[in-house]
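K.L.:
The sequence shown maps to residues 799 to 972 in my numbering.
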Amino acid sequence: MTFMVKNYTPPQARDYAVRMLGTEYLDAVLDLEYLIFSTSWSKEQYAALIRGGRCVIFGVLGGEVLLAYAAAIISRAAKELEVCNIAVSLPLRRQGLGRSLMRAMFAAAEKLGLERAVLEVRSGNRAARGLYKKFGFTPCGLRRRYYVCPVEDAVLYEFRFTEASTGETGYGAC
Ligand SMILES: CC(C)(COP(=O)(O)OP(=O)(O)OC[C@H]1O[C@@H](n2cnc3c(N)ncnc32)[C@H](O)[C@@H]1OP(=O)(O)O)[C@@H](O)C(=O)NCCC(=O)NCCS
């Protein structure tokens, strides 16, 4: 199995598959995470959360190559999904992969009967904020100078799952 992203010629959009990933894909997830983010979780942290049923990771695969992923923590007690990371390989951005991952996470959350999704994002991250807005997230707080490398405010967002949210005016329209 190959997980390299570097020097990869992307397949056509029809070749992509979105699926839930198990621990066997953690090396590929971390490769992508190291490429894209200035800080990262460890493999052990991810593995423990997945084994405990507290984390879901969805990936977009082109054959066996991981092109994008999204990770979320599930709190069944709080009925909440926390979107921790979503990342698309640079050459494949703005082609709907982020949207596909968000849809997969939302569908999983609804299947589990969760009521709310939350996340935080760098205030200057226009692409991510655009994606979250498109899915109906609304700002609900600010953590000043929360991020490092570089220092930046975090904007907190939330989304409430209701029957209407999946309809034509909710994220079902995304
Ligand atoms: C944020 C990110 C995941 C978006 O993924 P993507 O596959 O490029 O997004 P999509 O093509 O699915 O776009 C869906 C919607 O998001 C918004 N969006 C995506 N990129 C955008 C950009 N550069 N500027 C403004 N809005 C953007 C748009 O509303 C877009 O819908 P549209 O194309 O119909 O206008 C991607 O830019 C990325 O990996 N960024 C680096 C990692 C990161 O910052 N992750 C978020 C923090 S955890």
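We put the CB at the ideal spot given by N, CA and C, even for glycine.
1) Got a sec? Which residues, its chain only, sit under 7 Å from SER828 by beta carbon, not counting five neighbours each side?
2) TYR955 and LEU929 look like a contact to me (Cβ under 8 Å); what is the Cβ gap, rounded to whole Å?
3) Along the beta strand (DSSP E) that carries VAL827, what are the first and last residues, could you check?
4) Looking only at its chain, what residues have a beta carbon closer than 8 Å to the beta carbon of LYS877, apart from the 5 residues adjacent to it on each side?
5) Considering Cα atoms alone, identify which of ALA846, GLY820, ALA875 is closest to VAL858.
6) Does the count of Cβ pairs from the segment 892–900 and the segment 860–870 closer than 8 Å reach three?
7) Any residue with its Cβ nearer than 6 Å to a heavy atom of ligand 1 should be included. What is that list in chain order?
8) Does the separation of the CB atoms of GLY922 and PHE957 fall below 8 Å?
9) Hey, how far is the Cα of CYS938 from the Cα of ALA952?
10) Count the other CB atoms within 10 Å of the CB of ALA907; is the residue buried (16 or more) or exposed (fewer)?
11) Pull up the distance between the alpha-carbon of GLY861 and that of TYR944, whole angstroms please.
12) If you follow the beta strand (DSSP E) that TYR944 is in, where does it begin and where does it stop?
13) For GLU950 versus ARG927, is the C-beta spacing smaller than 8 Å?
P.N.:
On the basis of the supplied data:
1) The amino acid occupying residue 828 in the given sequence is Leu; Ser does not appear at that position. Residues of the same chain with a CB within less than 7 Å of the CB of LEU828, apart from the 5 flanking positions on each side, are SER838, LYS841 in chain order.
2) Not quite, the Cβ-Cβ distance comes to about 11 Å (not below 8 Å), so this is no contact.
3) Here VAL827 belongs to no beta strand (DSSP E); instead the alpha helix (DSSP H) covers 824–834.
4) Hits under 8 Å: GLY911, LEU912, GLU913, ARG914.
5) Between VAL858 and the set ALA846, GLY820, ALA875, the nearest pair of CA atoms involves GLY820.
6) Yes, the segment 892–900 is in contact with the segment 860–870.
7) Cβ atoms closer than 6 Å to ligand 1 belong to ILE834, ASN883, ILE884, ALA885, VAL886, ARG891, ARG892, GLN893, GLY894, LEU895, GLY896, ARG897, VAL919, ASN923, ARG924, ALA925, ALA926, GLY928, LEU929, LYS932.
8) Not a contact, by the Cβ cut-off of 8 Å.
9) Roughly 11 Å separates the two Cα atoms.
10) It counts as buried.
11) Straight through space, the alpha carbons of TYR944 and GLY861 are spaced by roughly 37 Å.
12) Segment 936–945, the beta strand (DSSP E) holding TYR944.
13) No, the Cβ-Cβ distance between GLU950 and ARG927 is not below 8 Å.
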